[in-house]
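Structure, as structure tokens:
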Amino acid sequence: MLDSNLLHGSIPLSPFSLPVLQDLLLSQNQFYGQLPEFANISSNLLYTLDLSGNHLEGPIPTSIFNLRGLDRLQLSSNHFSSFPFNGPQQPKNLSHLDLSNNSLSIDYNGSSPTSSSFLQINWLYLSSNKLRAFPDFLRNQSRLAYLDLSENQIQGEIPNWIVATAFLSLSSNNLHGIIPPSICNASALVLDLSNNSLSGMIPECLTQLSVLNLRSNNLTGPIPDKFDEFCNLQTLDLSRNQIQGQFPKSLVNCTQLEVLNLRNNQITDTFPCLLKNISALHVLVLRSNKFYGHIGCPEANGSWPMLQIIDLAYNNLSGEIPGTSMTTWKEMMVNKYDSPVHLEYSNYSGDVTSIRIYYGDAVTITSKGSEMDLVKILTFFTLIDFSCNEFNGSIPEEMGEFKSLYVLNLSCNAFTGEIPSSFGNMRVLESLDLSKNNLSGQIPPQLANLTFLSFLNLSNNQLLVGSQPALSSQLFQTPPLQVTKAYGGLL
Numbered sequence: 106m107l108d109s110n111l112l113h114g115s116i117p118l119s120p121f122s123l124p125v126l127q128d129l130l131l132s133q134n135q136f137y138g139q140l141p142e143f144a145n146i147s148s149n150l151l152y153t154l155d156l157s158g159n160h161l162e163g164p165i166p167t168s169i170f171n172l173r174g175l176d177r178l179q180l181s182s183n184h185f186s187s188f189p190f191n192g193p194q195q196p197k198n199l200s201h202l203d204l205s206n207n208s209l210s211i212d213y214n215g216s217s218p219t220s221s222s223f224l225q226i227n228w229l230y231l232s233s234n235k236l237r238a239f240p241d242f243l244r245n246q247s248r249l250a251y252l253d254l255s256e257n258q259i260q261g262e263i264p265n266w267i268v269a270t271a272f273l274s275l276s277s278n279n280l281h282g283i284i285p286p287s288i289c290n291a292s293a294l295v296l297d298l299s300n301n302s303l304s305g306m307i308p309e310c311l312t313q314l315s316v317l318n319l320r321s322n323n324l325t326g327p328i329p330d331k332f333d334e335f336c337n338l339q340t341l342d343l344s345r346n347q348i349q350g351q352f353p354k355s356l357v358n359c360t361q362l363e364v365l366n367l368r369n370n371q372i373t374d375t376f377p378c379l380l381k382n383i384s385a386l387h388v389l390v391l392r393s394n395k396f397y398g399h400i401g402c403p404e405a406n407g408s409w410p411m412l413q414i415i416d417l418a419y420n421n422l423s424g425e426i427p428g429t430s431m432t433t434w435k436e437m438m439v440n441k442y443d444s445p446v447h448l449e450y451s452n453y454s455g456d457v458t459s460i461r462i463y464y465g466d467a468v469t470i471t472s473k474g475s476e477m478d479l480v481k482i483l484t485f486f487t488l489i490d491f492s493c494n495e496f497n498g499s500i501p502e503e504m505g506e507f508k509s510l511y512v513l514n515l516s517c518n519a520f521t522g523e524i525p526s527s528f529g530n531m532r533v534l535e536s537l538d539l540s541k542n543n544l545s546g547q548i549p550p551q552l553a554n555l556t557f558l559s560f561l562n563l564s565n566n567q568l569l570v571g572s573q574p575a576l577s578s579q580l581f582q583t584p585p586l587q588v589t590k591a592y593g594g595l596l
């Protein structure tokens, strides 16, 4: 292993002549220039070749296939311009090919191919290149299980011949048109078509997946209410579309659901209490829809022990927040960390089972007044955002039990009474927004315990602040705290 050193220069040929070499790992170095020709080198033992994360460029030579024993070829994060997907000497053992983050164009002009002339692989990474169309050689792939074409410049509609894979990502391209019915033949466990311009309705067959991400398209109509008792869905992200209708009641069958993101749609329904039966739920985002009514649910004991993020902002929800039902949100109560996470720089990648290990869930959250994307949901990040609804009554004391909560936003509601003194127990809280309510009384001195607090907004309430100069002094001693004026006094 020679990866992550300061090696530089051109790629030497001498290591390829070592008779018993099985793995050659030269990634994350400073090699540059073009790959050499492998014309006089023939190896049946080299299993893995990793040249990723260098400064290599130009076309990848066909002679690289003289390394007949290759199973894994990793060439990502370079400046390669082309790869010979068809040729006279295709390796039979190659299963993993990673060409992501290059400048590839496909070395194939589409003229009368035969399936035997094409490289047959299991895992193909082509994300973050400069592809403008679907590579035609994909028609001839018979054993492909993983295909990533995300973050390219592919235009047009999704072709009817799209290959059958367990993982298919076409996200962040320029795709338009409907999701073709033929995609139901793909038998995907993970399907990511996010960040395109797809329109029309969601095909009913897509309810059979483990991960479905259709985020940021122009999809309309209702969510198919066809989740059966064998539902294996773990992630459903339909955010930033124009989806209408009611919440699908059959989603109660998806007991393995971990992430549900329906943000920025036009769903009209009462709060989906049926979700209370899904104990695996980590992330629930219903922000900016037309949900209405109370969020109190009958027989809610023991629900959502794994919940980390709940965002119900910008709906028409009303009534009091039932504090007793929050006592089951155990994941927010365990203080696992004694220091702030500095969200701007956090990037967690967790292990999951089966093919989902290669997929990172993402969610957009609002913290400290700004939106940010959490890519691969942070296991230690927690958020409650109930802002801009019609909630009233007192803020539940039980919220103070959330010792691992980082963001709490209850602004723009009709809460009355005092700020609970129990809020002083939320020692890792970084952002607290209680503005635009009808809160009264004094600011509890326990807030001075929030030493990681960097955003505090109590404005537009009826709070008494001027009589507590000691508290004001303590708050200002916590840099870099951004404090907003509170109505009735000055911090």
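Sequential numbering from 106 applies to the sequence shown in the numbering used here.
Ideal Cβ positions, reconstructed from N, Cα and C, are used throughout, including at glycine.
Return the residue from the list the options that minimises the CA-CA distance to residue i.
{"i": "F332", "options": "R345, F352 and S492", "result": "F352"}
{"i": "S181", "options": "L130, L150, S148 and S147", "result": "L130"}
{"i": "I383", "options": "N518, T340, F242 and S509", "result": "T340"}
{"i": "E404", "options": "L112, L311, T433 and M411", "result": "T433"}
{"i": "P329", "options": "L311, G282 and R345", "result": "L311"}
{"i": "M411", "options": "L379, T471 and F485", "result": "F485"}
{"i": "S315", "options": "S299, L275, L280 and E363", "result": "E363"}
{"i": "D538", "options": "S115, T471, L479 and G546", "result": "T471"}
{"i": "F136", "options": "N145, T375, L111 and S527", "result": "L111"}
{"i": "L348", "options": "T360, L324, D342 and L365", "result": "The sequence given here places Ile at residue 348; Leu does not occur at that position. Closest option to I348, Cα to Cα, is L324."}
{"i": "F121", "options": "S475, F170, Q195 and L199", "result": "F170"}
{"i": "L379", "options": "C402, Q371 and I267", "result": "C402"}
{"i": "G529", "options": "P549, L123, E535 and T360", "result": "P549"}
{"i": "L422", "options": "H399, S274, W228 and Q361", "result": "H399"}
{"i": "L275", "options": "I263, A269, T360 and D155", "result": "I263"}
{"i": "M437", "options": "K381, S526 and R532", "result": "R532"}
{"i": "L391", "options": "S147, T270 and S344", "result": "S344"}
{"i": "F141", "options": "L161, K508, A385 and S148", "result": "As written in the sequence, residue 141 is Pro, which differs from the Phe given in the question. Nearest C-alpha to P141: L161."}
{"i": "P501", "options": "S509, S527, N514 and S516", "result": "S527"}
{"i": "N279", "options": "N245, L236, S247 and P285", "result": "L236"}
{"i": "A293", "options": "T270, H281, P308 and I284", "result": "T270"}
{"i": "H281", "options": "N322, Q361 and L199", "result": "N322"}
Would you kindly work out how many angstroms separate the C-alpha atoms of residue i and residue j, rounded to a whole number?
{"i": "I226", "j": "R177", "result": "10 angstroms"}
{"i": "C336", "j": "N290", "result": "18 angstroms"}
{"i": "F185", "j": "L389", "result": "41 angstroms"}
{"i": "L602", "j": "L319", "result": "Summary: the structure shown does not reach residue 602, with the chain confined to residues 106 through 596, and so no result is reported for it."}
{"i": "C493", "j": "K473", "result": "15 angstroms"}
{"i": "L48", "j": "L231", "result": "With the chain covering 106 to 596 only, the question about residue 48 has no answer from this structure."}
{"i": "S233", "j": "M306", "result": "28 angstroms"}
{"i": "L150", "j": "L249", "result": "24 angstroms"}
{"i": "N566", "j": "L356", "result": "39 angstroms"}
{"i": "G594", "j": "I524", "result": "Because the pLDDT at G594 is just 39, under 50, the model does not fix this residue reliably, and the point stays unresolved."}
{"i": "N265", "j": "S287", "result": "6 angstroms"}
{"i": "Q551", "j": "D490", "result": "22 angstroms"}
{"i": "I165", "j": "L555", "result": "56 angstroms"}
{"i": "S536", "j": "V480", "result": "20 angstroms"}
Counting only the same chain and skipping the five closest in sequence on each side, list residues whose C-beta sits under 6 angstroms from that of residue i.
{"i": "N497", "result": "A519"}
{"i": "M431", "result": "E503"}
{"i": "P240", "result": "I211"}
{"i": "E425", "result": "G498"}
{"i": "D342", "result": "N318, R320 and N366"}
{"i": "P377", "result": "F352"}
{"i": "S277", "result": "S255, E256 and N300"}
{"i": "D253", "result": "Y230, S232 and S274"}
{"i": "W228", "result": "H201 and Y251"}
{"i": "L87", "result": "Residue 87 is absent from the model: the chain starts at 106 and stops at 596."}
{"i": "L224", "result": "F190 and Q195"}
{"i": "T375", "result": "G398"}
Just mark residue i as buried or exposed, buried being the case when its beta carbon has 16 or more other beta carbons within 10 Å.
{"i": "E256", "result": "buried"}
{"i": "H387", "result": "buried"}
{"i": "G326", "result": "exposed"}
{"i": "S559", "result": "buried"}
{"i": "K541", "result": "buried"}
{"i": "S302", "result": "exposed"}
{"i": "D466", "result": "buried"}
{"i": "L561", "result": "buried"}
For the ligand NAP, is there any heavy atom lying closer than 7 angstroms to the beta carbon of residue i?
{"i": "L422", "result": "With respect to small molecules bound, the structure shown includes none, and the ligand NAP cannot be examined in it."}
If I measure Cβ to Cβ from residue i and keep anything under 8 angstroms in the same chain, skipping five residues before and after, which residues do I get?
{"i": "S82", "result": "Here the chain comprises residues numbered 106 to 596, so residue 82 is not present and cannot be evaluated."}
{"i": "N543", "result": "A519, F520, T521, N566 and Q567"}
{"i": "S393", "result": "R368, N369, N370, A418, Y419 and N420"}
{"i": "A238", "result": "I259, Q260 and G261"}
{"i": "T373", "result": "Q349, G350, Q351, N394, K395, F396 and Y397"}
{"i": "E476", "result": "T469 and I470"}
{"i": "T487", "result": "Q413, I414, E436, M437, F507, S509, L510, Y511 and V512"}
Can you list, in chain order, the residues of its chain whose CB lies under 7 angstroms from that of residue i, leaving out five sequence neighbours each side?
{"i": "S119", "result": "none"}
{"i": "E334", "result": "N358"}
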